[in-house]
Structure formats: C-alpha cells, structure tokens
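Asks:
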Amino acid sequence: MKKNKILIQIICAVLFIYSCSNQSNQKKNKKDSIMNETVINKKTLNILYKDIHTEFSKLSPKVIQPAEGYLKYPYLIPAGFYKQMWDWDGFFMGNFFVSQGKPEYLKYWALNLIEGIDEDGYVSGCATTKGPRPIFGKFAMKPFLSQGVYFASTSMNDFSWVNNKYEALKKVLAYREQTQQDEKTGLFFWELAMQSGADNNPALNYFQKDTRSFLACDASAFQLKEYLAQAKIAEKLGKTEDAKFYQEKAEKLKKAINDVLWCDEDKIFYNVDRETGTFYKRVSYSSFIPLIEKIISEENGKEMINRYLLNPDHMKAKFGFRSLSKSDPDYNNKNIIKPFSNWQGPVWPIANYLYSIALKNYGFDHEITWQAETLGNLLLNDIKEWDSMHENYHADTGEPLAPAASYVDENGKFVGFISWNLCIQNVLDGVVNDRWMLLELE
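For the sequence shown, the numbering used here puts the final residue at 564, and the numbers step up evenly by one.
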C-alpha cells in the first residue's frame, strides 16, 4: 500500500514537471512565433518603403515646374489633371521635399504666394503663370502660409529671407481674422466647404444656396498652427512682443476649440452651427484635425480615436481610413471629380497622412503600422497599373476613383494625380526608420 502511494506521488511529480515544461515550451513557441512574425513584418515594411521610395523618386519631379510668367520661382503643381499652384497641395508637397533634403521648394511655394498678397492681406489659394486665380469671390488661401515659411526656414537654418516678408505675413493673418473669425467665440469658419479643400464635406455647407456657416474644427486648428508658426518666426527675427502676441492668440484659440467644439458626451470634435450654437453631429475628416496639434488630453484623444477613427462602423475601412463615417447618411464612394472631388467616404491619402499624425500623437503605433502598410500597398499597386496615382480610393474595395480613366493627355496617356500622396512615404519612413514628419511647432 505504502509502495503504491509512493508510486502515485512519483507519477504525479513527473506529470507536473512535464506539464510545466510543456507550458513553458508553448509560451516559448508563442513568443518565438510573435518575434518571427514581427521580423517578417518588418522585412515586408522595409521592402515596401524602398519600393515606394523608388517609385516616388520617379514621380515627384513631375510636380515641379520651372518659374514662368507671374510665378517668379519654381512652383509645385499636383500634376496630371491640375497644372495650377494650389495652397495646401503645395504646402504638403513642400514639406515632403523638406523631408528629402530639398527645402527650397517649400520656400519657393511661400514666395510665390507672398508675391500675390494684396493691400488688404488677401492672397488667393490658387495661382497660375498668368496670375492669382480668385475663386468664389475673395476667399483667401487656407491657413498654411506662416507654417510653410517656418518649416522651410527651419530646415534651411535661415530666417534672413523672411525679414522683408514678415509684415506681409501679418497682413494675411489679420485678413483672415477680419473675414473668417467669429466675433463671439474667436473660432474660425469657412464661408463654403469649397474653401476648406474638402470640397463636399457634409459637415459643412457645400452648396452656395446653403447660407449656413459653421465654426470649423479644421479651419480653427489650422489657424492655431498659423499663430504658433508666426510666433516662432517672430521669435527667430527678434520680435519679442510679436512672438508673445501670437502665442497668446494661439492659447486663446486652443481654449476656444476645447470649450466650444469638443463634445464631451460623444467624445469627439464637431463643427458648430454659427447661428444656433449647436453641434452639427457629422463624423467627418475635419473632426480629427484638432488631434494633429494634440489639443485635447491623452485620455480624451485615445477615447476619440478608439471610438471613431479605429471603428469600422465609422472611419476605418479595409483600404485605409475614410473621409466620412460609414454611419453617416451621406456616406458614399462615388467617382466625383466635377464639380467636387468626393470627401463623402473615399480614402484620401492626405487625410490619412493627417490621421497618422493624430495616431502618433496619442500613442497608436500599431495602428500606424497597419495604415502605412495598407496605404503603401494601395498606392504602389496604383502606380504599377496606371504609372501614376489617384486623388482618392473606394474605401471598401480599393478601386481608384478620381480622376477617371477618361482623363488622358494629348497622347492618350492617363493623367493621374501625384500631389500630397507623396506624404504617404513619410508615414512609412516614420514606421520603418523612425523618421517622422509630424509638422510640430512646439
């Protein structure tokens, strides 16, 4: 009997040791599997980055045009369908070139725009070799000029060229305050969605017959960054009082964005109807722009991103992040190039680049890796098929949308689109090489 007990104890001990060893091996195998998967994924991303870099090296020269006529400096065009110099296209392309060690193109973009500033401080958001191209009356360029000047100058380590342009920059800021700043809240608005660049964003009024206007998340956040940039420029030029003046404006605007545009109940930024003061509850691209300046707390930022940007029922799709929530009644993926380029659902590379800054600001590194791989492959496949790219893509199928295949040049070749799609290389560069282009001003 005693021998049987001893035998049972020995068997139990052996089984226990085996079980522990087996569990240890399972954990080790799982850990090895994760490590192998990480190594494989890193290799895949490295190859993808190199392929994108190679293709973009071929395509990017097509956005550079030599000085001609009214445009006294080499200028940046979206290429393909568009031959004009545009405000925010040029800003983002210019920053791409900064990241490639060619900051002069962002400087030229700024100089060409500064040349068009009139006595009131108005500067058109579009310019051609024949002169500024005013659209919808006298709506000004989007709030990027001071930022462009700052990023170009910082990259070149040279602010001397800004000295005789400084007062013109101040006039542009003042003009926007006179024409697009709400007196009651201090926030900024677009007169029409077309001014925002997100041409038919349902979170704004996008038909001229719609006379509403909205305190806008994107207009206010971009203008906040303009104030911060102007404060930095003033500081570099030894204009201490101006630096303090614009820094204070930035702080007031940041507070107003938090106080007025943040909906704590829904944990998101909404545009606000100027007349009624109520939230216009549409989850669109513009809702996420305040996150690029990290305006809200870590906790709220993470909650907003998890609840909306990473949610398949809202912004996350198979081929990137949408421009409008899938739950919005206007959500669609139509191929619209005239009269609008469609911001009602399709994946826009520029919107995704801005989303990547928000994700990085709030610590979502894994999600940026998914985004970089997804958008990188989407654009690479597009280039392989069309020898160019498109403005936007069907969020759920990846089908390239505008411009349509019918848009060809005199030789019958598809004209395509390049522009700010170049910034997706910067997202991959961040993920693969830890070289981020976050447009930081603080």
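The beta carbon of each residue, even a glycine, is placed where N, CA and C say it ideally should be.
What span of residues does the beta strand (DSSP E) with residue 454 cover, start to end?
Replies: No beta strand (DSSP E) holds residue 454; DSSP gives it neither H nor E.
Asks: Please list, in chain order, all residues of the same chain as residue 218 whose beta carbon is under 8 Å from its beta carbon, the five residues on each side excluded.
Replies: The answer, listed in chain order, is 182, 542, 544, 545, 547, 548, 559.
Asks: Just reading off the alpha helix (DSSP H) that residue 549 is part of, what are its end residues?
Replies: Start and end: 545 to 555.
Asks: From residue 435 to residue 450, what does the alpha carbon distance come to, in whole angstroms?
Replies: Rounded to the nearest angstrom, the two C-alpha atoms are 10 Å apart.
Asks: Could you pull the DSSP bridge partners for residue 86 from this structure?
Replies: Residue 86 lies beyond the residue range present for the chain, which begins at 123 and ends at 564; the question has no answer from this structure.
Asks: If you compare alpha carbons, which of 555, 305, 512 is closest to residue 399?
Replies: Closest by alpha carbon: 305.
Asks: Any idea if residue 557 is buried or exposed, counting beta-carbon neighbours within 10 angstroms, 16 or more meaning buried?
Replies: It counts as exposed.
Asks: Determine the direct distance from the alpha carbon of residue 470 to that of residue 407, and round the result to whole angstroms.
Replies: Approximately 10 Å, taken between the alpha carbons.
Asks: Can at least three beta-carbon pairs, one atom from the region 529 to 536 and one from the region 460 to 474, be found at a separation below 8 Å?
Replies: As far as the Cβ criterion goes, the region 529 to 536 does not touch the region 460 to 474, which means the pair count is below three.
Asks: Whose CA, out of 254, 468, 240, lies closest to the CA of residue 193?
Replies: Nearest option by C-alpha distance: 254.
Asks: Check the DSSP bridge columns for residue 500 and list the partner residues they point to.
Replies: According to DSSP, residue 500 bridges with nothing at all.
Asks: For the region 328 to 346 against the region 410 to 426, are there 3 or more C-beta pairs whose distance is under 8 Å?
Replies: Counting Cβ pairs under 8 Å, three or more are found: they touch.
Asks: Compute the beta-carbon to beta-carbon distance between residue 298 and residue 336, rounded to the nearest angstrom, for a pair I have assumed lies under 8 Å.
Replies: Their Cβ separation, rounded to whole angstroms, is 16 Å, which puts residue 298 and residue 336 out of contact at 8 Å.
Asks: Is the CB-CB distance between residue 428 and residue 338 below 7 Å?
Replies: No, the Cβ-Cβ distance between residue 428 and residue 338 is not below 7 Å.
Asks: Might you give, ordered along the chain, the residues of its own chain that have their beta carbon closer than 6 Å to the beta carbon of residue 424, omitting 5 neighbours on each side?
Replies: Counting only Cβ-Cβ distances below 6 Å, and skipping sequence neighbours, we find 484.
Asks: Report buried or exposed for residue 188, applying the criterion of at least 16 other Cβ atoms within 10 angstroms of its Cβ.
Replies: Counting Cβ neighbours within 10 Å, residue 188 comes out exposed, since fewer than 16 surround it.
Asks: Any idea if residue 243 is buried or exposed, counting beta-carbon neighbours within 10 angstroms, 16 or more meaning buried?
Replies: Flag for residue 243 reads buried.
Asks: Would a C-beta distance cut-off of 7 Å place residue 404 and residue 325 closer than the cut-off?
Replies: Yes.
Asks: Under 8 Å, with one C-beta from each stretch per pair, do the region 281 to 291 and the region 308 to 327 reach the 3-pair mark?
Replies: Contact between the region 281 to 291 and the region 308 to 327 is absent, because fewer than three Cβ pairs lie under 8 Å.
Asks: Is the region 438 to 457 touching the region 367 to 384, taking contact as three or more C-beta pairs under 8 Å?
Replies: No, because fewer than three Cβ pairs between the region 438 to 457 and the region 367 to 384 fall closer than 8 Å, the two stretches do not touch.
Asks: Report the residue ranges of all beta strand (DSSP E) runs contained in full by the region 371 to 411; include only those spanning at least 3 residues, in chain order.
Replies: Complete beta strand (DSSP E) runs here, min 3: 393 to 395.
Asks: Under three-state DSSP, which class holds residue 328?
Replies: Three-state DSSP puts residue 328 in coil, outside helix and strand.
Asks: Near residue 389, what residues of its chain come up, given a Cβ to Cβ distance below 7 Å and the 5 sequence neighbours on each side ignored?
Replies: Hits under 7 Å: 422, 425, 426, 429.
Asks: How big is the Cα-Cα spacing for residue 195 and residue 230?
Replies: Each residue's Cα considered, the two are about 6 Å apart.
Asks: Does the region 513 to 528 come into contact with the region 468 to 482, if we say contact requires no fewer than three beta-carbon pairs (one atom in each stretch) closer than 8 Å?
Replies: The region 513 to 528, when compared against the region 468 to 482, does touch it at the 8 Å Cβ threshold.
Asks: Using the rule of at least 16 other Cβ atoms within 10 Å of the residue's Cβ for burial, across every protein chain shown, is residue 444 buried or exposed?
Replies: So residue 444 counts as buried.
Asks: Cα separation between residue 153 and residue 410?
Replies: Residue confidence is low: residue 153 scores 43 on pLDDT, short of 50, so the model does not pin down where it sits. Its coordinate-derived value is still stated next. So the two alpha carbons sit approximately 36 Å from each other.
Asks: Spatial neighbours of residue 475 within its chain, please: CB distance less than 8 Å, with the 5 preceding and 5 following residues excluded, ordered by chain position.
Replies: Around residue 475: 214, 542, 545, 546, 548, 549.
Asks: If we ignore side chains and look at the alpha-carbon of each, how far apart do residue 454 and residue 495 end up?
Replies: Rounded to the nearest angstrom, the two C-alpha atoms are 24 Å apart.
Asks: For residue 253, does the three-state DSSP call read helix, strand or coil?
Replies: Correct three-state label for residue 253: strand.
Asks: Would you call the CB atoms of residue 341 and residue 384 closer than 7 Å?
Replies: Not a contact, by the Cβ cut-off of 7 Å.
Asks: Quick one: grab the DSSP three-state call for residue 186.
Replies: Here residue 186 sits in strand by DSSP.
Asks: Here's the rule: buried if 16 or more other CB atoms are within 10 angstroms of the residue's CB, otherwise exposed. What is residue 252?
Replies: Its Cβ having fewer than 16 others within 10 Å, residue 252 is exposed.
Asks: Under a three-way DSSP split, which group does residue 265 fall into?
Replies: Coil at residue 265, not helix or strand.
Asks: Check whether the Cβ of residue 210 lies closer than 7 Å to any Cβ atom in chain C.
Replies: Of the protein chains in this structure there is only one, and it is not chain C.
Asks: Is it buried or exposed, residue 355, if we count other Cβ atoms within 10 angstroms and call 16 or more buried?
Replies: Flag for residue 355 reads buried.
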